[in-house]
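In the numbering used here, the protein residues as written are 1 to 284.
All residues carry an ideal CB built from backbone N, CA and C; glycine is no exception.
Data block below; observations after.
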Ligand code: NDP
């Protein structure tokens, strides 16, 4: 067979997308493994996703990441879903399996891997999650599927929080509770993992922190943040002051990127390369 001049294409569809560092991480991983893959950051406006997904099929792209605002709409353009993606109701990555598009959600799995890297497991434990958006759904469903004992969701918007609690109980069988977040939230003393899954603290709002009673955090808790572009978020610094073990959002980002790499290429991702390049990007 002659030389192949065609690269395999993957990438991300989203808007906004310009500040998303995922491509840097995936391209470094492809280079490290000597794979002829290219990762393209593609701006796809709301309303244009159907065309973009048709384009993906037409161009025989190997797969794609979905980010804001496409993670839910994309479901209608897919042929198959993983169990977790189906329960979560959102997809952050697609694999093109010989023309059949399969959707998965690796956000929650990346989160679990980042816990595991620190020797932490939600199994048999009480978990409290702040927020009920996409990240909160992914994290809570994966924690439930891994055998968490109880999941408490605090959200500022009642309906969204109650819908997530209902979904967790019905689809995973976990015990779940909703707390209305209209005043500083108290973290129940029997909480093992407290997870900020809101966008509070996201760069450039690094002086913001979720409105909770930080004195209800104690030293036996593990406190985690989805925010990755300030790995020493104010939220985590407050938890550290109370003696809690803390885990930032960088590990979740790298691990979901590594899972995506594995699924697209069939090759084990070079996690160290991906971590180092992201740290360099963030000036750490
Ligand atoms: P969504 O917009 O789906 O959800 C955001 C959540 O934050 C909602 O529950 C929202 O509540 C809540 N929220 C927003 N402002 C406040 C506030 N002032 N007080 C309390 N709650 C608030 O976003 P995503 O779930 O997709 O993303 C959330 C964060 O997670 C982002 O910062 C994103 O960058 C990060 N993320 C990190 C990943 C990683 O790999 N580390 C992966 C995926 C996401 P309501 O809707 O009721 O207003």
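Nearest neighbour of residue i, chosen from the options [CA to CA]
i, options, result
"residue 249", "74, 39, 95 and 114", "114"
"residue 164", "244, 109, 57 and 88", "88"
"residue 133", "273, 15, 199 and 170", "199"
"residue 219", "123, 11 and 245", "245"
"residue 106", "282, 260 and 268", "260"
"residue 138", "264, 92 and 193", "92"
"residue 232", "48, 203, 33 and 189", "203"
"residue 264", "239, 18, 35 and 17", "35"
"residue 194", "61, 282, 46 and 111", "111"
"residue 135", "267, 206, 225 and 156", "225"
"residue 125", "157, 39 and 189", "189"
"residue 39", "24, 86, 235 and 96", "24"
"residue 145", "170, 155, 156 and 160", "170"
"residue 108", "211, 213 and 197", "197"
"residue 205", "229, 186 and 161", "229"
"residue 61", "43, 9 and 45", "9"
"residue 4", "21, 22, 19 and 37", "37"
"residue 239", "182, 66, 192 and 96", "192"
"residue 79", "95, 100, 86 and 94", "100"
"residue 185", "235, 276, 168 and 216", "216"
"residue 86", "75, 94 and 65", "75"
"residue 41", "49, 50, 33 and 21", "21"
"residue 254", "222, 77 and 227", "227"
"residue 257", "283, 48 and 278", "278"
"residue 7", "63, 52 and 141", "63"
"residue 96", "266, 242 and 181", "266"
"residue 208", "251, 237 and 223", "237"
"residue 103", "84, 210 and 166", "84"
"residue 67", "51, 81, 82 and 46", "46"
"residue 182", "176, 162 and 212", "212"
"residue 121", "282, 178 and 223", "223"
"residue 18", "44, 33 and 2", "44"
"residue 82", "142, 210, 180 and 276", "142"
"residue 308", "251, 201, 90 and 33", "Beyond the ends of the chain as shown, which are 1 and 284, falls residue 308; an answer cannot be given."
"residue 172", "140, 160 and 201", "140"
"residue 156", "210, 98, 168 and 275", "210"
Any chain C beta carbon closer than 8 Å to residue i
i, result
"residue 138", "The chain labelled as chain C is not found in the depicted structure, where only one protein chain is given."
Residue i, DSSP secondary structure in three states
i, result
"residue 13", "strand"
"residue 3", "coil"
"residue 268", "coil"
"residue 66", "strand"
"residue 130", "strand"
"residue 279", "helix"
"residue 19", "coil"
"residue 245", "strand"
Go through the segment 151-232 residue by residue and report every complete run of the alpha helix (DSSP H) that reaches 4 residues or more, in order. 158-172
Just to confirm the assignment: which complete alpha helix (DSSP H) runs, minimum length 4, are found wholly within the segment 70-128? 83-88 and 107-117
Answer yes if the segment 56-67 comes into contact with the segment 4-13, meaning at least three C-beta pairs across the two stretches below 8 Å, and no otherwise. yes
Tell me the start and end of each unbroken alpha helix (DSSP H) in the segment 31-64 that is at least 4 residues and wholly inside, in chain order. 49-58
Would you be able to state if there are at least three C-beta pairs under 8 Å between the segment 271-281 and the segment 14-34? yes
Under 8 Å: do the segment 119-129 and the segment 139-152 share three or more Cβ pairs, one atom per stretch? yes
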